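A.B. asks: Encoded as structure tokens, here's the structure I'll be asking about.
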Amino acid sequence: MAYTNDEVLGGLAELITDETGISADEVTLEKSFTDDLDIDSISMMTIVVNAEEKFGVTIPDDEVKNLKTVGDAVTYITSNQA
Amino acid sequence: MTATLNQPTGPAHTRIYAYGAARGENYVPNDDLVGPIDSSDEWIRQRTGIITRVRADHDTTAVDLATDAAREAVERSGVDPSLIDAVIVATISNPKQSPSVAAIVADRIGTTPAAAYDVNAACAGFSYGVAQADALIRSGVATYAVVVGAEKLSDIVDPTDRSISFLLGDGAGAAVVGPSDTPGIGPTVWGSDGSKADVVGMNYSLTEFRDGEAPWPTLRQEGPAVFRWAVWEMAKVARQALEVSGIEASDLAAFIPHQANMRIIDEFAKQLKLPDTVMIGRDIETTGNTSAASIPLATHRLLEEHPELSGGLALQIGFGAGLVFSAQVVVLP
Chain A
1361 MAYTNDEVLG GLAELITDET GISADEVTLE KSFTDDLDID SISMMTIVVN
1411 AEEKFGVTIP DDEVKNLKTV GDAVTYITSN QA
Chain B
1310 MTATLNQPTG PAHTRIYAYG AARGENYVPN DDLVGPIDSS DEWIRQRTGI
1360 ITRVRADHDT TAVDLATDAA REAVERSGVD PSLIDAVIVA TISNPKQSPS
1410 VAAIVADRIG TTPAAAYDVN AACAGFSYGV AQADALIRSG VATYAVVVGA
1460 EKLSDIVDPT DRSISFLLGD GAGAAVVGPS DTPGIGPTVW GSDGSKADVV
1510 GMNYSLTEFR DGEAPWPTLR QEGPAVFRWA VWEMAKVARQ ALEVSGIEAS
1560 DLAAFIPHQA NMRIIDEFAK QLKLPDTVMI GRDIETTGNT SAASIPLATH
1610 RLLEEHPELS GGLALQIGFG AGLVFSAQVV VLP
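Those sequence lines, one after another, are chains A and B. According to our numbering, the stretch in the first sequence is residues 1361 to 1442, in order. According to our numbering, the stretch in the second sequence is residues 1310 to 1642, in order.
Right, here's the structure in full:
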């Protein structure tokens, strides 16, 4: 079953809240993981691994560097679903 | 008719008799390192859990640290040095490639003419050494062995590097391994993945440095990639080590992972769902990451602070540059 953009955003927000305590309301498409949400590289990797499991996608290490905003991650996940 | 060779066999079981430890003489706080990396004490603590790391004096070498740790382990073991016939030193930081650290250490601690050699398996080196000592003794090739992890990493750090240098410390940890009436060292789960050789290791070669093509070689890592591998891939290895040992996480008295980064240790423990009864090695907070030395240093400290752990089971797992990894369950002396 393919996830919609909204479902991925909602799921990602949950994962971000779990890892960092940031309120899910803060997690919007235009937010930068580092500059706006202050997520460090280790937390980012934890979120990535949990997102892989949750959405059944693979996000290679090299690709993680390109995910600057929440929107980048949502787009990557929705367009790489099995 | 061809003569038949003698082929040795050894005792059925081995165990660790005692540990020894040596740390660099100086505790270096985060504030001493933040200038060149434009950082802060808080930034380092948050990302690594490190408050201080130990670094050795200019004239103290990895050989010196290894000798001190090995000597303590041998003294505590009660084994006569003349009976020790194998000395294995895991190290990646001795600036003199030859002769081996092990041969010098073997002589300094009175075990000559023991077989002696170094192992290059980075942060998995101590666990590799324990695997070898166990195999050498059980096959009858050696009677008693000393395994040492020894590093003077401060010789191969770049103060301006934000990837790994500020984590690193200097030290050595050692263990004496010998025959046992009961199983004391479980099966080793180990391996490598050279396809990821670039994610952690030296940034340049000595010949590039000699020819003026590169600065003095130092350690570098791709932190996030290493973090993912160190937690989620290594959690699989750790579970496998428990499984082949025939035990459950709840049977453990201690979990002693390579002291790479407190965030790795915390997430690792979370992934393994360790019960609260399992004591976790967290020597990194004040010692820093000492590569091959980190597991025996953390074990030594746990045993000093919690002597009641003696006789309990500890899962140790090392992982690092290569990439290489190694895990086994041991009975704590």
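Positions of the beta carbon are idealized from the N, C-alpha and C atoms, including for glycine. Since this is a predicted model, take the numbers as computed values, not measurements.
#1: Flag this pair as yes or no: are the beta carbons of alanine 1331 of chain B and glutamate 1381 of chain B separated by less than 9 Å?
#2: With the cut-off set at 9 Å, would you say tryptophan 1525 of chain B and phenylalanine 1518 of chain B are in Cβ contact?
#3: Are the CB atoms of isoleucine 1494 of chain B and histidine 1322 of chain B nearer to each other than 9 Å?
#4: By the three-class DSSP mapping on this structure, what secondary structure does methionine 1310 of chain B have?
#5: Taking all protein chains shown into account, do 16 or more other C-beta atoms lie within 10 angstroms of the C-beta of histidine 1367 of chain B, making it buried, or fewer, making it exposed?
#6: Phenylalanine 1475 of chain B by DSSP, collapsed to three states: which one?
#7: Glycine 1597 of chain B lies in the beta strand (DSSP E); which residues open and close that run?
#8: Counting only Cβ-Cβ distances shorter than 8 Å, please list the residues of the stretch 1379-1403 of chain A near chain B, keeping chain order.
#9: Report the start-end ranges of each beta strand (DSSP E) in the stretch 1433-1495 of chain B that is 3 residues or longer and not cut off at the edges.
#10: Taking aspartate 1592 of chain B as the reference, give the member of B:Ala1578, B:Glu1617, B:Asp1585, B:Met1571 with the closest Cα.
#11: Report buried or exposed for leucine 1561 of chain B, applying the criterion of at least 16 other Cβ atoms within 10 angstroms of its Cβ.
#12: Who are the Cβ neighbours of glutamate 1531 of chain B in its own chain at under 6 Å, not counting the five residues just before and after it?
#13: For the stretch 1344-1368 of chain B, which residues have a CB atom closer than 8 Å to at least one CB atom of chain A, in sequence order?
#14: Quick check on the DSSP output: the beta strand (DSSP E) that includes glutamine 1530 of chain B runs from which residue to which?
#15: Over the uninterrupted beta strand (DSSP E) stretch that includes histidine 1322 of chain B, give me the two end residues.
#16: With 9 Å as the threshold, decide whether the Cβ of aspartate 1421 of chain A is near any Cβ in chain B.
#17: Locate the beta strand (DSSP E) running through serine 1501 of chain B, then write down its first and last residues.
#18: Would you say arginine 1548 of chain B faces chain A, with C-beta separation under 9 Å as the test?
#19: Look up asparagine 1335 of chain B in the DSSP assignment and say whether it is helix, strand or coil.
C.D. replies: With the given structure in hand:
#1: On the second sequence, position 22 is the one that residue 1331 of chain B refers to. On the second sequence, position 72 is the one that residue 1381 of chain B refers to. Yes, Cβ-Cβ distance for alanine 1331 of chain B and glutamate 1381 of chain B is below 9 Å.
#2: Counting from 1 along the second sequence, the entry for residue 1525 of chain B is found at position 216. Counting from 1 along the second sequence, the entry for residue 1518 of chain B is found at position 209. Using a Cβ distance threshold of 9 Å, tryptophan 1525 of chain B and phenylalanine 1518 of chain B count as a contacting pair.
#3: Residue 1494 of chain B sits at position 185 when you count from the first residue of the second sequence. Residue 1322 of chain B sits at position 13 when you count from the first residue of the second sequence. At a Cβ-Cβ threshold of 9 Å, isoleucine 1494 of chain B and histidine 1322 of chain B count as neighbours.
#4: Position 1 of the second sequence holds residue 1310 of chain B. Of the three classes helix, strand and coil, the one that applies to methionine 1310 of chain B here is coil, per DSSP.
#5: Position 58 of the second sequence, counting from 1, holds the residue named residue 1367 of chain B. Its Cβ having fewer than 16 others within 10 Å, histidine 1367 of chain B is exposed.
#6: Here the question's residue 1475 of chain B lines up with position 166 in the second sequence. Correct three-state label for phenylalanine 1475 of chain B: helix.
#7: Translated into positions along the second sequence, residue 1597 of chain B becomes position 288. In the DSSP assignment, glycine 1597 of chain B falls outside any beta strand (DSSP E) and carries neither an H nor an E.
#8: Within the stretch 1379-1403 of chain A, contact with chain B at the beta-carbon level (separation under 8 Å) is assigned to Asp1400, Ser1401, Ile1402.
#9: Taking only runs of at least 3 residues, the beta strand (DSSP E) segments lying wholly in the stretch 1433-1495 of chain B are 1453-1461, 1479-1489.
#10: For the purposes of this step, residue 1592 of chain B is taken as the residue at position 283 of the second sequence. Checking every option, the nearest Cα to that of aspartate 1592 of chain B belongs to B:Met1571.
#11: Translated into positions along the second sequence, residue 1561 of chain B becomes position 252. Its Cβ being crowded by 16 or more others within 10 Å, leucine 1561 of chain B is buried.
#12: Numbered from 1 along the second sequence, position 222 holds the residue referred to as residue 1531 of chain B. Closer than 6 Å at Cβ, skipping near neighbours: Val1508.
#13: So the close ones are Gln1355, Arg1356.
#14: Numbered from 1 along the second sequence, position 221 holds the residue referred to as residue 1530 of chain B. Counting along the chain, the beta strand (DSSP E) containing glutamine 1530 of chain B begins and ends at 1528-1530.
#15: Sequence index remark: in the second sequence, residue 1322 of chain B carries index 13 (1-based). Note, histidine 1322 of chain B: beta strand (DSSP E), 1322-1332.
#16: For the purposes of this step, residue 1421 of chain A is identified with residue 61 of the first sequence, where counting begins at 1. Taking a beta-carbon distance threshold of 9 Å, aspartate 1421 of chain A counts as an interface residue toward chain B.
#17: In the second sequence, the residue the question calls residue 1501 of chain B occupies position 192. Serine 1501 of chain B -> beta strand (DSSP E) spans 1498-1501.
#18: The residue labelled residue 1548 of chain B in the question sits at position 239 within the second sequence. The beta carbon of arginine 1548 of chain B sits no closer than 9 Å to any beta carbon of chain A.
#19: By one-based count along the second sequence, residue 1335 of chain B stands at place 26. Collapsing the DSSP output to three states places asparagine 1335 of chain B in a strand.
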